[in-house]
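Chains as they are written, first to last, in full-length UniProt numbering: chain Y, 1 to 663; chain L, 1 to 96.
Encoded as C-alpha cells, the structure appears first; notes follow it.
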Amino acid sequence: MCGLAGFIAPALPADDAPGVITTMLGHIRHRGPDEAGYYLDDGVTMGAVRLSIVGLATGAQPMADPGERYWICFNGELYNHIELREELRRLGRPFRTDSDTEVALQAWIQWGEACLPRFNGAFALAIRDAHSGDLVLARDRYGKRPLFYTDHGGAFLFASEMKAFRAFPGFGFALDPRELASVYALWTPLPDRTPFQGIRQLPVGGVLTVRGDRRTLRTYEELRVDAPAFTGTEAEAAAHVREALRTSVGLRLRSDVEVGVYLSGGLDSSIVTKLATDLSPHQVRTFSVQFEEASFDESDSQRVVADHLGTRHSAISVTGADIAEGFESAVYHAEVPAFRTAFVPMYLLSRHVRDAGIKTVLSGEGADEAFLGYSLFRETLLRASWDELDEDERQRRLAGLYPELEHFGPAHRKHLTGLFRQFSTESLPGLFSHELRYQNGRFAVRLLKERDEPFADLLAMVRSDPRYAALSPVQKAQWLEYKTLLAGYLLSTQGERMSLAHSVENRCPFLDPAVVRAAASVNLRFDDGFEEKAILKKAFHGELPESSLTRPKQPYRAPGAAVFKKQRPDYLELLLSDAELDRLDCVDPVFARKLVNKIMTTPDEQISTKEDQAFVYLLSTAVLNQQFVLDRERYMGTPSAAGLNLRTTVDHRRARLSAGGTR
Amino acid sequence: MNRTQKIQQFIEERFLVEFGDEVTAETDLFKAGVIDSFGYIQLMSFIEDEFALRISDDDLLANVFVSLADLDAFVAGVAEKSARAGAGQGGVPCAD
C-alpha cells in the first residue's frame, strides 16, 4: 500500500523536477510514511511513498528490472503474488526482492497489458518504459485504489490523491458545476470524474498509455454481474460460496505485518472475522466504531461476535462532537463532497487502528453488492414485479424494505403503496432500479446555479456497455452499484481515503474476483431475492452466533445535520455567513440559504433524509472549496517535502542535464 | 386563502420550492425531486388535518397524488362528495 505521483512536463526546468516531485509526495505522505523515492528521466518524473507490508526490507520504490528499462511505482497489493511469482520464475523471469511490486513489474515485462486481468489485488500503478518512452497507468478492476490525472500548461500530472497536484507550479483547483450536479444526484462522481475542473480519474479496470502527446485509454476488464447459474444443490452452492470466501480471506492474510479486521457487527464483517480466526495462527484483533446514539450503535452485536470468535476486540466510541471535529480533516482526505457523515467515524477508526500498531485490516465491503444485501435490490424486485403481486403481498414486502426508517412503519404504509406503484414503471431509461434514489437526488442538485440534466452522463455510460440492456432489473441495480457507489464512495471516501489518511491499508475479501463470480452464479438461484444474502447466511449457518444470521440488516449510518446544529463548529460559518456562502461560486445562494435556514430552525425529526443529505453536501462542498480553491495555505499547509523518508532517488536525465542543465 | 393556495403554500414552505416556470401545478413532484416518501407522508397528513378529512385506504391505493393539481382535485372531489352525500367511499370527513 502506497501512494504515487508524477508528471511529464517538457517545459519544467530540469533542476526543478526533484523539488516538485518530492513536494507532490509530501502531500500524500500519509499513504506511505515508511519510505519514499523518485525516478527521473528526460521524459517523465515519478515517485512513490511506501507503506511497507510485503517485502519489508526490499520493496523500495521506484523499482526497476535488472536492465533498468522498466520502472514501476506501485500502489497496492497483489494477493496472488506468490502464485504469479512461481509462474514467472518458471518462465525465466529473474527476481531480486520478495516484494509484490517486483511481481507486478515482471508480470508486465512478461505479458504486457495482459498481466492486468491476472492480478488478484487492489492496485494502481505507473510503469515507465525508458526505451519506448511510454508511460502506462492502470487501476484495479473494482476501483479500490485511486489514480487521478490532469493536464496543466502543457504538462501531464498524475497522482493517487489530487492534493498532490498542488505542488506543481501554477496549478490551481476549481470546482466543476457539471460534475457537482452528478455527485449530488448520484451520491458519487462517475467512475472517471472528479468534482474539480479538468481532473479525471482513471476508470475502474482502466489502463492509460501516454506516448508523447498521444493518449490511449482502454478498459482491460469489464464488470460482469451475470454468470451461468450454479448447477448444484443449495447445499453445494453454500459450500461453493464458503470455499471461495475462505480462499479469499487466506490470500488477504498474506502479509509481513499483522492483519486486523474491521468488525461492524453485521453479517459480512462477522464472516470475514470468522474466516480470519480460522486461518490466522494468532489471535485476531478486531476493531469497531460505536455510537452514543442508540439508533446508530451496533456495539452489542460486535461484542457477541468478538466473544463468540475469541478475538481481541477494541472499539472507539464516536460522539456527535467527534464527528463535528473530524469532519474537515475527513473531507480533506476524501477530496469530494459527501452526502452523509458516515465516513468521519471511519476516519477516526483508522486512527485508532494505527495507534494500536496495525497497518492492515480486512473489511466486509463488497458483500452487499455481490450478495444482494441492500434494500435497494429488494425494492427493485418489488417494483419490477408490482403488477404480478396482490395487494397483501405488496404490503408485506414493503414492510420489510426499510425497517430503520420510521415512515416505513405500519402507520404510513398505505401512503407508500401509491408512491411505489408510481415508480413501478421506468421513467429514466435504463435506470429503473435507482429511480427513487436518483429522483430524490434532484433536490440537492437544486443547490447549484447550473444544473443540466444530471443523469445524462450516467445514461451514456450504461449505454456504452453492450451487455447492460440485456441484464435483469436486479443485475442492472448491481451493475450501477458496482460502477458508481461502491468505487466512488464506499471504497474510496468511506474506505481507502479514510484508512490511508492514517496509513492503514484495507483489504476486501468480498471483492475477490472468484467470490464475485460465485455470488453472481448463486444469487436468485436459491432464494426469491427478498431475503437479503440468503445463500451467504446458509453458507455460515452454525458458525456464527444465531443473532448474526437472523437479525435484520442495519445499514451503517451516522448522525448528519443534527450534529452540526448542536455542535456549531467554526466552519459552520461557511454556510451561516452570507459573505462566505457567496464565495461558493457554483452554488445558488437563494436556495442554499433557504435550505440552511430550514435545517437550522426545524426540529431534527422533521428534517427529511434528502434535506439532511443536501445540507451535508453543501457543508462538505463549502469546506472543500475553502481547502482546495480558496484558503489553500491555511488548510493544506505550505508545500513541503519535510518528513519524507527519501531512500531512492534515481536521476536518468541525460539530454537536458548534459546540455548544461537546460532550463 | 383558498384551498389551492393553502396546499401550494404548504408545499412551497415545507419543500423549499416555488411554483412558477420550473415547477408548475402539473409537475410530478416526485420526479422533480421536490418530495420524497417522507415528504409525501407529511403532505398527506397536512391534507387530512387542514381540510378535516381522512383519506381512505382505498383512495391511497387507488391514487397517487404526484402534483399540486392532483392533490387539489382530490380535495375538491372529497369536499363535493361529502357535501352531496356525507360519508362515502372516497376520502371521508373526519368525525373527530
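Just so it is clear, CB atoms sit at the ideal spot from N, CA and C, and this is done for glycine as well.
- Sequence-distant partners of GLU292/Y (beyond 5 residues in either direction) whose C-beta falls short of 8 Å from its own C-beta, in its chain, are SER317, VAL318, THR319, GLY320.
- Counting C-beta pairs closer than 8 Å gives fewer than three between the stretch 491-499 of chain Y and the stretch 400-418 of chain Y, which falls short of the contact rule.
- If you draw a straight line from the Cα of ALA342/Y to the Cα of GLU86/Y, it comes to about 42 Å.
- For GLN439/Y, the nearest beta carbon of chain L is closer than 8 Å to its own beta carbon.
- Per DSSP, the beta bridge partners of MET63/Y are ILE72/Y.
- Under DSSP, ASN506/Y shares a beta bridge with VAL361/Y.
- PHE327/Y is a Cβ neighbour of VAL344/Y, given a cutoff of 8 Å.
- In chain order, HIS407, HIS412, HIS415 make up the part of chain Y whose C-beta sits under 7 Å from the C-beta of ILE41/L.
- As a beta-bridge residue in DSSP terms, GLY37/Y pairs with ALA48/Y, THR648/Y.
- Separation of the CB atoms of VAL44/Y and ARG128/Y is rounded to 5 Å, and the pair is thereby assigned contact status at 8 Å.
- With respect to the 8 Å criterion, ALA36/Y and LEU630/Y are not classified as neighbours on the basis of their beta carbons.
- Annotation: the continuous beta strand (DSSP E) that includes ILE316/Y extends over 312-318.
- When 9 Å is used as the limit between beta carbons, LYS594/Y is near these residues of chain L: LEU16, in chain order.
- Note on geometry: alpha-carbon atoms of VAL504/Y and ALA356/Y lie some 11 Å from one another.
- Counting the other CB atoms within 10 Å of its CB gives GLY154/Y a total below 16, which places it among the exposed residues.
- Looking at the backbone, the Cα of LEU500/Y and that of HIS30/Y are separated by about 6 Å.
- Against chain L, the CB of SER608/Y has a partner CB under 8 Å away; the residue lies at that interface.
- Counting along the chain, VAL261/Y sits inside the beta strand (DSSP E) bounded by residues 259-262.
- The beta carbon of ALA614/Y sits closer than 7 Å to those of PHE443, ALA444, LEU447, LEU595, all from its chain and outside the five residues before and after it, given in chain order.
- Between VAL44/Y and chain L, the shortest Cβ-Cβ separation is not below 8 Å.
- Interface flag for VAL66/L against chain Y is set, since a Cβ pair is found closer than 8 Å.
- With its beta carbon at least 8 Å from every one in chain Y, LEU71/L lies outside the interface.
- The three-state reading of DSSP puts ASP134/Y in coil, since its state is none of H, G, I, E or B.
- With fewer than 16 other Cβ atoms from the protein chains shown falling within 10 Å of its own Cβ, ARG84/L counts as exposed.
- Residues of the stretch 445-475 of chain Y with a Cβ closer than 9 Å to any Cβ of chain L, in chain order: VAL445, ARG446.
- Residues of chain Y with a Cβ closer than 7 Å to the Cβ of ASP49/L do not exist, since the nearest Cβ in that chain sits about 14 Å away.
- Within the stretch 556-605 of chain Y, complete alpha helix (DSSP H) segments of at least 4 residues are found at 561-567, 573-576, 578-582, 589-601, given in chain order.
- When 8 Å is used as the limit between beta carbons, LEU208/Y is near no residue of chain L, the shortest such separation being about 35 Å.
- Secondary structure at ILE109/Y: helix, using DSSP grouped into helix, strand and coil.
- Counting of Cβ neighbours within 10 angstroms places LEU91/Y among the exposed residues, the total staying below 16.
- Taking the Cα positions, ALA470/Y is about 14 Å away from PRO228/Y.
- Residue-level contact by beta carbon fails for SER503/Y and chain L, as no gap is shorter than 8 Å.
- Residue THR97/Y holds the alpha-carbon nearest to the alpha-carbon of GLN61/Y among GLY67/Y, THR97/Y, LEU88/Y.
- Proximity to GLU298/Y across SER264/Y, LEU644/Y, VAL331/Y, VAL284/Y peaks at SER264/Y, based on C-alpha coordinates.
- Taking C-beta atoms as the reference points, ASP42/Y and ARG653/Y count as a pair closer than 8 Å.
- Contacts with chain L (Cβ-Cβ distance below 7 Å) from the stretch 610-624 of chain Y involve LYS610, listed in chain order.
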